[in-house]
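**Student:** Numbering (the numbering used here), first residue to last: 68 to 351.
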Ligand SMILES: [Zn+2]
């Protein structure tokens with residue numbers, strides 16, 4: 068599930084590798100992956116990749132002549148670079164977009180795992196980029212310097228949901244929301260507009276610190292080709308049932324339809340175990 072740190076390291080590694088490369092040919096075998104048709108994807112052919120960057124959880128492939136391929140990996144997409152001769156036939160994922168670079172030696176591939184197609188791309192003119200609704204509605208970047216939170220978190224909704232809302236703050240998803248709230252010793256279900264000054268400050272520091280440490284970790288361990296599964300340095304998320312790395316209390320889950328929130332009752336909820344929504348639904 069790529070979030071800001073995973074997208075950031077992907078953009079950095081790819082940028083180092085393909086900046087200055089010429090796009091020889093580009094195809095979109097993925098049905099419905101392209102959400103724009105003008106300009107057509109073939110407009111990228113013959114252009115030079117000037118930069119691969121990130122905004123929120125989006126990747127931006129900027130090409131010469133003022134074109135930008137905006138990509139959202141959603142939960143199971145990956146943008147990866149392959150040596151064409153080395154790559155075995157891929158049966159574990161679907162190929163959504165393929166760009167051959169520099170004499171067709173290398174391929175930039177947008178792949179997606181799982182059965183659902185959700186990853187998407189738009190080819191835009193640079194001048195239109197800021198007006199693309201996906202970017203125009205993004206909140207401020209969560210990293211490197213998240214903005215003061217009291218202005219952003221003004222609605223009576225759970226912190227976990229507020230942090231994941233890309234319109235509020237851009238880049239955080241389910242995994243890093245768990246880690247950030249644990250780091251800040253805040254309940255995932257505390258109402259965002261109930262944060263007092265000190266808590267808001269702790270949360271802001273936890274956002275910058277947690278995401279920054281993850282990127283730092285990836286800088287040390289991630290090399291090309293970027294692996295399908297990044298080694299996420301998670302302490303709490305997906306660790307329910309294990310001891311809290313800070314206090315030793317058992318980390319607890321709250322199950323939702325398609326995800327699980329993990330937290331430490333001792334560090335985050337004043338010793339209270341939160342109702343497991345899956346259990347409470349079954350008991351009705
Ligand atoms: Zn704890």
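Ideal placement from N, C-alpha and C gives every residue a C-beta, glycine not left out.
Return yes when the Cβ of residue 291 is within less than 7 Å of the Cβ of residue 80, no when it is not.
**Tutor:** yes
**Student:** At 4 residues or longer, and completely inside the segment 193-243: list those alpha helix (DSSP H) runs for me, N to C.
**Tutor:** 193-196, 200-203, 226-231
**Student:** Can you tell me which of the three DSSP states residue 341 falls into?
**Tutor:** Note: residue 341 maps to coil in three-state DSSP.
**Student:** Helix, strand or coil, according to DSSP, for residue 293 in the structure here?
**Tutor:** DSSP, read as helix, strand or coil, puts residue 293 in coil.
**Student:** Between residue 313 and ligand 1, is there a pair consisting of the residue's CB and a ligand heavy atom that are separated by less than 6 Å?
**Tutor:** yes
**Student:** Taking residue 162 as the reference, which of 92, 297, 184 has the closest Cα?
**Tutor:** 184
**Student:** So is the beta-carbon of residue 316 under 6 Å away from any non-hydrogen atom of ligand 1?
**Tutor:** yes
**Student:** According to DSSP, residue 332 sits in a beta bridge with which residue or residues?
**Tutor:** Beta-bridge pairing links residue 332 to no other residue.
**Student:** Using CA coordinates, which residue listed in 269, 127, 206, 95 is at the minimum distance from residue 236?
**Tutor:** When only C-alpha atoms are compared, the closest one is 206.
**Student:** By Cβ distance, which residues of its chain are closer than 8 Å to residue 252, with the 5 residues on each side in sequence left out?
**Tutor:** Closer than 8 Å at the Cβ level, and outside the excluded window around residue 252, lie 269, 334, 335.
**Student:** Comparing alpha-carbon positions, which option in 151, 238, 120 lies nearest residue 213?
**Tutor:** Ranked by Cα distance from residue 213, the first of 151, 238, 120 is 238.
**Student:** For residue 149, report the span of its beta strand (DSSP E) as first-last.
**Tutor:** Counting along the chain, residue 149 sits inside the beta strand (DSSP E) bounded by residues 144-150.
**Student:** Return the CA-CA distance between residue 258 and residue 88, expressed in angstroms with no decimal places.
**Tutor:** 48 Å
**Student:** Check the C-beta distance from residue 75 over to residue 282 and give it rounded, since I have them as a contact under 8 Å.
**Tutor:** 5 Å
**Student:** Between residue 220 and residue 229, is the Cβ-Cβ spacing less than 7 Å?
**Tutor:** yes
**Student:** What is the DSSP secondary structure of residue 277, reduced to helix, strand or coil?
**Tutor:** helix
**Student:** Label residue 143 either buried or exposed according to how many other C-beta atoms from any shown protein chain fall within 10 Å of its C-beta, with 16 as the threshold for buried.
**Tutor:** Under the 10 Å beta carbon count, residue 143 is surrounded by 16 or more other beta carbons and is classified as buried.
**Student:** At the level of alpha carbons, what is the spacing between residue 297 and residue 157?
**Tutor:** Roughly 18 Å separates the two Cα atoms.
**Student:** Taking Cβ positions, are residue 114 and residue 78 nearer each other than 7 Å?
**Tutor:** Annotated as distal: residue 114 and residue 78, with beta-carbon spacing of 7 Å or more.
**Student:** Exposed or buried, what is residue 310 when buried is set at 16 or more other beta-carbons lying within 10 Å of its beta-carbon?
**Tutor:** exposed
**Student:** Determine the contact status of residue 43 and residue 70, defining contact as a CB-CB distance below 7 Å.
**Tutor:** Residue 43 is absent from the structure shown; the chain starts at 68 and stops at 351.
**Student:** Touch check for the segment 98-110 and the segment 310-325: three-plus C-beta pairs under 8 Å?
**Tutor:** no
**Student:** My output table needs one value for residue 79: the three-state DSSP class, helix, strand or coil.
**Tutor:** In the structure shown, residue 79 adopts helical secondary structure according to DSSP, grouped into three states.
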